[in-house]
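Per the numbering used here, the sequence shown starts with residue 391, numbered consecutively.
Let me begin by presenting the structure, written as structure tokens, before commenting on it.
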Amino acid sequence: REVVAQVGFTRFEAASPDDVAIGVRIIEGLINQALGQPSWGIQTWAANALPRVEELNGAHRAVLLAAVAFDAFCLGQLDRATMLGGRGIDGSEAFSSAVLVALYTVSFSLAAGGDAMAAVAVLNSGHRRLHDGQPPDWMVCILQVFTGALAYVIGDQDTAKSEAGQALPLARRLGIPTLLSSVLSLHAAAVCDSDPDTALAEAEESIAIVGAGAGDVSFSGASQTIARLRVARRDTAGAAGAIRAAVEHDA
391 REVVAQVGFT RFEAASPDDV AIGVRIIEGL INQALGQPSW GIQTWAANAL
441 PRVEELNGAH RAVLLAAVAF DAFCLGQLDR ATMLGGRGID GSEAFSSAVL
491 VALYTVSFSL AAGGDAMAAV AVLNSGHRRL HDGQPPDWMV CILQVFTGAL
541 AYVIGDQDTA KSEAGQALPL ARRLGIPTLL SSVLSLHAAA VCDSDPDTAL
591 AEAEESIAIV GAGAGDVSFS GASQTIARLR VARRDTAGAA GAIRAAVEHD
641 A
């Protein structure tokens, strides 16, 4: 990863726009990993190239803007994340991984800023745009996860449960570990009250998949669900262990 990052940085410092484009293509190939494993810092690689964004073609501009926007979101710079992510969405003709990252970034930035209706509208527009074509199943599944996660965050439990329930069999069929771990964590949280046994099993499965090498974006959420369910069962030691694992992971 460090070698790839160094190659990217070197390309961004080069004089030739073609070299900058090579650096952006490196990020393009890893942008889903940035979303699934933010702790790797892949999204931070793009900042040096932002002043040269207008030298790139439309697809590469979208990748660069999405990566820098996601980095801003991770840093809590919500206005910057919304602005750059919006530019990435509007400037991209094709629906791509970069557009997915930008949709996530803009919608969750708006939600974090208190505008839940605008956040939902962004993802709704993404659904319409996605289904105008013939999207691969993994894109459909990721957008369902975003929609369910946003619904959960803003308190729309019915939508969260519905979207996660639709995404789960698709994620199992696709067999993409990070995606499956994320869907399991989301579904566990959504059914925590109505079906605690299923929720606990799914949250623990999500943690196990991360432990086997998947991206860790769902680790803290699954750990919190486990802790909540363990408390309800008066298993204070199990709850404390889950919270400790989440705190150590996020430290």
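Ideal Cβ placement from N, Cα and C applies to all residues, glycine included.
Predicted model, so just to flag it, every value in this text is computed and none were measured.
Could you tell me whether the Cβ atoms of residue i and residue j are closer together than 9 Å?
i: His-577; j: Gly-555; result: yes
i: Ala-560; j: Ser-608; result: The question names Ala, yet the displayed sequence has Leu at residue 560. No, the pair does not count as a contact, with Cβ atoms beyond the cut-off.
i: Thr-549; j: Ala-579; result: no
i: Ala-439; j: Val-410; result: yes
i: Thr-434; j: Ala-459; result: no
i: Leu-533; j: Leu-558; result: no
i: Leu-500; j: Ala-508; result: yes
i: Leu-468; j: Ala-492; result: no
i: Ala-457; j: Ile-417; result: yes
i: Leu-540; j: Val-510; result: yes
i: Gly-431; j: Gly-481; result: no
i: Val-535; j: Ser-486; result: no
i: Arg-620; j: Ala-636; result: no
i: Gly-476; j: Phe-463; result: no
Straight-line CA distance for residue i to residue j?
i: Thr-568; j: Leu-446; result: 30 Å
i: Glu-444; j: Leu-490; result: 21 Å
i: Ile-597; j: Gly-565; result: 16 Å
i: Arg-470; j: Val-414; result: 20 Å
i: Gln-547; j: Ser-497; result: 17 Å
i: Arg-562; j: Gly-478; result: 30 Å
i: Ser-515; j: Gly-538; result: 15 Å
i: Asp-522; j: Ser-613; result: 37 Å
i: Ala-488; j: Gln-524; result: 17 Å
i: Tyr-542; j: Val-581; result: 11 Å
i: Gly-398; j: Arg-623; result: At Gly-398, the pLDDT of 48 sits below 50, so the modelled position is not reliable; the number obtained from the coordinates is stated separately. If you take the alpha carbons of Gly-398 and Arg-623, they lie about 49 Å apart.
i: Leu-454; j: Gly-419; result: 12 Å
i: Ala-627; j: Ala-484; result: 50 Å
i: Ala-452; j: Pro-526; result: 19 Å
i: Glu-638; j: Ser-429; result: 13 Å
i: Gly-603; j: Ala-424; result: 15 Å
i: Asp-461; j: Asp-587; result: 36 Å
i: Arg-634; j: His-517; result: 37 Å
Hey, residue i and residue j are a contact pair by Cβ (cut 8 Å); roughly how many whole angstroms apart?
i: Gly-382; j: Gly-426; result: In this structure the chain extends from 391 to 641, so residue 382 is not present and cannot be described.
Please name the residue, chosen from the options, that lies closest to residue i on a Cα-to-Cα basis.
i: Ile-544; options: Arg-470, Ala-511, Ala-506; result: Ala-506
i: Ser-406; options: Phe-536, Arg-442, Arg-624, Ser-572; result: Arg-442
i: Asp-625; options: Leu-570, Gly-603, Leu-590; result: Leu-590
i: Asp-408; options: Val-621, His-450, Ile-633, Ala-635; result: His-450
i: Ala-630; options: Asp-640, Ala-641, Arg-618; result: Arg-618
i: Glu-553; options: Cys-531, Arg-563, Asp-527; result: Cys-531
i: Glu-595; options: Leu-570, Glu-638, Gly-419; result: Leu-570
i: Ser-584; options: Gly-603, Ala-593, Lys-551, Arg-634; result: Lys-551
i: Trp-528; options: Arg-518, Asp-640, Asn-422; result: Asn-422
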